[in-house]
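Visitor: Take a look at the following structure, please.
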Amino acid sequence: MITGIAASDGFAIGVAVQLIKKEIIVDTKTAQSIPIELKVLETSVIAAIKQLNKIYEKTRIDLGEEEANVFESHLMMLEDPEFIGLIKKNIEENNHQAPYAIELAKDFYVQLFETLDNEYMRARSADIKDVANRLMRISLGEESDTLIFPEHSIIIAHDLTPSDTAQLDKKKVIGFITEVGSKTSHSAIMARSMGIPAILGVSEVCKQLKNGTKIIMDGDTGNIYPNPDDPLLTDYSKKIVLYNESIKALSIYKDITLEYTSGRPLTVAGNIGSPDDLDLLIEQGAQGVGLFRTEFLFMGRNSMPSEDEQYNVYKQVAETMSDANVVIRTLDIGGDKVIPYITMPKEDNPFLGLRALRLCFHEHVLFKTQLRALLRASVYGSIHIMFPMIGSIDELHQAKSILEECKVELQQEGIPFDNKTPIGMMIEIPAAAISAKEFAKEVDFFSIGTNDLIQYTLAVDRMNPHVANLYNPFHPAIISLIKTTIQAAHDAGIWCGMCGEMASDTEAISLLTQLELDEFSVTGSQILKTKEHLLKQECVKSIPNNVTI
Amino acid sequence: MYKGKATIINELGLHARPASTFVKISSKFFSDINLVCNGQEGIAKSILSVMALNACKGDIIEISAEGEDAQAAVEALVSHIEEGCGE
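Laid out in structure tokens, this is it:
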């Protein structure tokens, strides 16, 4: 038996998989050309930022904002003028090549942090190493590795950096054991988010637990049992069963279909940012996609995504969800993000500026390409098209007329599409909520985007710490707008969903069900909890037949 | 040159998250902003520099700024710290 620090609960019976990282070999010879090394640094930083943005998004979607924030701090390090300044100085004043210049800067800061008398700060030196190593690997032209994991993998490593855990196949990994680390380590935090055991600070474990060794992990005691005998295996198998049962208590909600006691149907759907998110939705029993954010298709690239490329993505999602509704929102982006192939004007306030639908009207070709791709994909499933950020009925008319243009073109070209594709809109600009009655006559559905609705209505930037406390979903004005919107929808015979955070807010459920909100669309990991809370409401009941996806 | 002081009230001090918000705010200003805490010097726009200050709860951080928006910068950062850096 081996013991370490119990850093995350749970039990695991699996197989040791060693995570061996290729050593970074740095050339310490003098640089041939300082301008070249500076250029290598510049492009490496840009590439590292791009990688980290992707990892940040993936982690945010997989595990949430909290866990993803570590990558935000990595990004900030790459923008740190002192850090980058030191690397440049190493190149300019000491003629070092870029990788070595980066390594020296890394060593400087790691040393600085390791001598701080604060455990938490010392642990941050691991982040510095992680970012610097990433930068070094890129500057050396290394490809990032894709690792393959067997079922029930228990990862054995010296340490697990945020980058390491971001690449893990979360379906196959059931535990972490590392040589260094403590309860505040990144690997501990990650294991807790994933709901798997972690035992850290097990010195020399890489030598002791070779690849393929069968292991039992006890995340409560911090004990590891290599090559366990049968009695022990039976014992722990039982422990795992009990543990999973407590988790499972939630999963009974997966196949339950709900409806209002009045007879009105009630759907619990999921929000996705890319097709990768679908697995979690299906696993959690989502009854559809209430919001498919399409921005990922347009970001992190130098040229516009082609119609075919977009069509393939929309088709894939539509097919995967078969009969279930897939609400796809057209591009909702603005000047706060950098899109190299769109000339965005310089705006003092990009959030109230040329963004989302307004930007799409400006970028006619881009908009029509997306609409055409959506229409073409519509024959493969139940696609609904949704327009964001509409404030006036004219904007809705304009969007619909451009959609008509696309339909006519496709017809002339002999390309099939579903002419009955439902068209809806986000209710997020207060004007739209106030005039919901007028809008309800001209769309097939509403989806309330509470995040922005609240910000616009209360004039609060919820990311601004000075005023964040004013962001109140339960402000009477917000409730009033939500009521108006849902009522207007029902009066016009259309459905109204909600895709903002408020849909998963357990305190809001009582109110929203009284208003008979037709669809709650939440992030994948919240689906079961949302169903659980909905079922607790008096006006909600479950019905016997299942909606299978 | 404009100067100000604030006492850290966060439980865990100026660790990663509050340090990030602190740096984001200082980066909005044009002025050069320097920090002193526990005898250590730091640059307000550098996340590593701010974290390395190891500013703990109860520590006093001195902020000095030089530039056209020096006063606004110092005032913004002082209030940010006094309000717990958004935590």
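Those protein sequence lines, which keep their order, are chains E and Z.
When the count follows my numbering, it moves up by one through the first sequence with no breaks and lands on 777 for the last residue.
When the count follows my numbering, it moves up by one through the second sequence with no breaks and lands on 481 for the last residue.
By construction, the Cβ of each residue, glycine as well, lies at the ideal position given by its N, Cα and C atoms.
Whole angstroms is fine: what's the gap from T441 (chain E)'s alpha carbon to T287 (chain E)'s?
Guide: Taking the straight line joining both Cα atoms gives about 29 Å.
Visitor: Looking at the structure shown, is C634 (chain E) part of a helix, part of a strand, or coil, going by DSSP?
Guide: If DSSP states are grouped into helix, strand and coil, C634 (chain E) belongs with the helices.
Visitor: Beta-carbon separation of A426 (chain E) and S410 (chain E) under 8 Å?
Guide: No. Outside cutoff.
Visitor: Is the stretch 516 to 529 of chain E in contact with the stretch 573 to 587 of chain E, if contact means three or more CB pairs nearer than 8 Å?
Guide: The stretch 516 to 529 of chain E is not in contact with the stretch 573 to 587 of chain E.
Visitor: Based on Cα-Cα distance, which residue from E:L602, E:K476, E:V496 lies nearest to D536 (chain E)?
Guide: If we check each option's Cα against that of D536 (chain E), E:L602 comes out closest.
Visitor: Determine contact between the stretch 652 to 663 of chain E and the stretch 633 to 642 of chain E, defined as no fewer than three beta-carbon pairs at a distance below 8 Å.
Guide: The stretch 652 to 663 of chain E vs the stretch 633 to 642 of chain E: no contact.
Visitor: Alpha carbons only, please: which of E:A477, E:G292, E:I567, E:E270 is nearest the one belonging to I417 (chain E)?
Guide: The residue with the shortest Cα to Cα distance from I417 (chain E) is E:G292.
Visitor: Should S353 (chain E) be flagged as near chain Z, meaning a C-beta pair shorter than 8 Å?
Guide: No, no contact with chain Z.
Visitor: 8 Å is my cut-off, CB to CB: does A696 (chain E) come that close to chain Z?
Guide: Taking Cβ atoms only, chain Z reaches closer than 8 Å to A696 (chain E), which makes this a yes.
Visitor: When Cβ atoms are compared, which residues of the stretch 282 to 309 of chain E fall closer than 9 Å to chain Z?
Guide: Flagged, chain order: N297, V298, E300, S301, M304, M305, E307, D308, P309.
Visitor: Answer yes if the stretch 483 to 490 of chain E comes into contact with the stretch 264 to 274 of chain E, meaning at least three C-beta pairs across the two stretches below 8 Å, and no otherwise.
Guide: The stretch 264 to 274 of chain E vs the stretch 483 to 490 of chain E: no contact.
Visitor: With H, G and I counted as helix, E and B as strand and the rest as coil, what does DSSP make of T406 (chain E)?
Guide: Strand.
Visitor: So, helix, strand or coil for Q325 (chain E), using DSSP?
Guide: Correct three-state label for Q325 (chain E): coil.
Visitor: Here's a check: name, in chain order, each residue in its chain whose Cβ is nearer than 7 Å to the Cβ of L314 (chain E), leaving out the five neighbours to either side.
Guide: Result list for L314 (chain E): A333, F336, in chain order.
Visitor: From this set, E:L624, E:N318, E:T495, E:V554, which residue's C-alpha is nearest E666 (chain E)'s C-alpha?
Guide: For E666 (chain E), the nearest C-alpha among the options comes from E:L624.
Visitor: Where DSSP assigns a beta bridge to I443 (chain E), which residues make up the other side?
Guide: DSSP, once it has assigned bridges, lists E:G242, E:P454 as partnering I443 (chain E).
Visitor: N346 (chain E) touches chain Z at which residues, Cβ-Cβ below 8 Å?
Guide: Going along chain Z in sequence order, the residues near N346 (chain E) (Cβ under 8 Å) are G407, N448, C450.
Visitor: Determine whether the Cβ of F341 (chain E) lies closer than 8 Å to any Cβ atom of chain Z.
Guide: It does: the Cβ of F341 (chain E) has a partner Cβ on chain Z nearer than 8 Å.
Visitor: Taking 8 Å as the threshold (C-beta atoms), are A584 (chain E) and I561 (chain E) in contact?
Guide: Result yes, Cβ atoms of I561 (chain E) and A584 (chain E) sit closer than 8 Å.
Visitor: What are the residues in the stretch 594 to 623 of chain E lying within 7 Å of chain Z by C-beta distance?
Guide: Those residues of the stretch 594 to 623 of chain E that come within reach of chain Z (Cβ to Cβ, closer than 7 Å) do not exist; the list is empty.
Visitor: With DSSP collapsed to three states, give me the class of Q538 (chain E).
Guide: Of the three classes helix, strand and coil, the one that applies to Q538 (chain E) here is helix, per DSSP.
Visitor: Could you check whether N318 (chain E) and I262 (chain E) sit closer than 8 Å to each other, using their CB atoms as the reference points?
Guide: No, Cβ-Cβ distance for I262 (chain E) and N318 (chain E) is not below 8 Å.
Visitor: Run the CB neighbour count on I778 (chain E), radius 10 Å, all protein chains shown included, and call it buried at 16 or more, exposed below.
Guide: As shown, chain E starts at 229 and ends at 777. That puts residue 778 (chain E) outside it, with no answer to give.
Visitor: Identify the continuous alpha helix (DSSP H) that holds I264 (chain E) and give its terminal residues.
Guide: Per DSSP, I264 (chain E) belongs to the alpha helix (DSSP H) from 262 to 291.
Visitor: How about M364 (chain E): is its C-beta nearer than 8 Å to some C-beta of chain Z?
Guide: Taking Cβ atoms only, chain Z never reaches closer than 8 Å to M364 (chain E), which makes this a no.
Visitor: Within 8 Å (strictly less), CB to CB, does P390 (chain E) reach chain Z?
Guide: No, because no Cβ of chain Z sits closer than 8 Å to the Cβ of P390 (chain E).
Visitor: Using CA coordinates, which residue listed in E:D397, E:G403, E:L509, E:M305 is at the minimum distance from T751 (chain E)?
Guide: Cα-wise, what sits closest to T751 (chain E) is E:L509.
Visitor: Should N455 (chain E) go down as buried or exposed, given a rule of 16 or more other Cβ atoms within 10 Å for buried?
Guide: Exposed, because fewer than 16 other Cβ atoms sit within 10 Å of the Cβ of N455 (chain E).
Visitor: Answer with buried or exposed for L447 (chain E), where buried requires no fewer than 16 other C-beta atoms within 10 angstroms of its C-beta.
Guide: Correcting the residue type first, residue 447 (chain E) is Gly in the shown sequence and not Leu. By the 10 Å Cβ count, G447 (chain E) comes out buried.
Visitor: Along the beta strand (DSSP E) that carries L428 (chain E), what are the first and last residues, could you check?
Guide: Residues 426 to 428.
Visitor: Using only the alpha-carbon positions, how far apart do F673 (chain E) and R529 (chain E) sit?
Guide: If I take the Cα positions, the gap works out to 32 Å.
Visitor: Work out the CA separation of G619 (chain E) and I283 (chain E) for me, nearest whole Å.
Guide: Cα to Cα, the separation comes out at about 34 Å.
Visitor: What are the boundary residues of the alpha helix (DSSP H) that includes S353 (chain E)?
Guide: From DSSP, the alpha helix (DSSP H) with S353 (chain E) extends over 353 to 367.
Visitor: Taking its Cβ as the centre, do 16 or more other Cβ atoms sit within 10 Å of Y481 (chain E), making it buried, or is it exposed?
Guide: Classification of Y481 (chain E): buried, given that the 10 Å Cβ count is 16 or more.
Visitor: Suppose the cutoff is 8 Å on Cβ atoms and the five residues either side in sequence are ignored; what does the same chain contact list for K182 (chain E) look like?
Guide: Nothing can be reported for residue 182 (chain E), as the shown portion of chain E is limited to 229 through 777.
Visitor: Can you tell me the Cα-Cα spacing of E481 (chain Z) and H694 (chain E), whole angstroms?
Guide: Whole-angstrom Cα-Cα distance: 10 Å.
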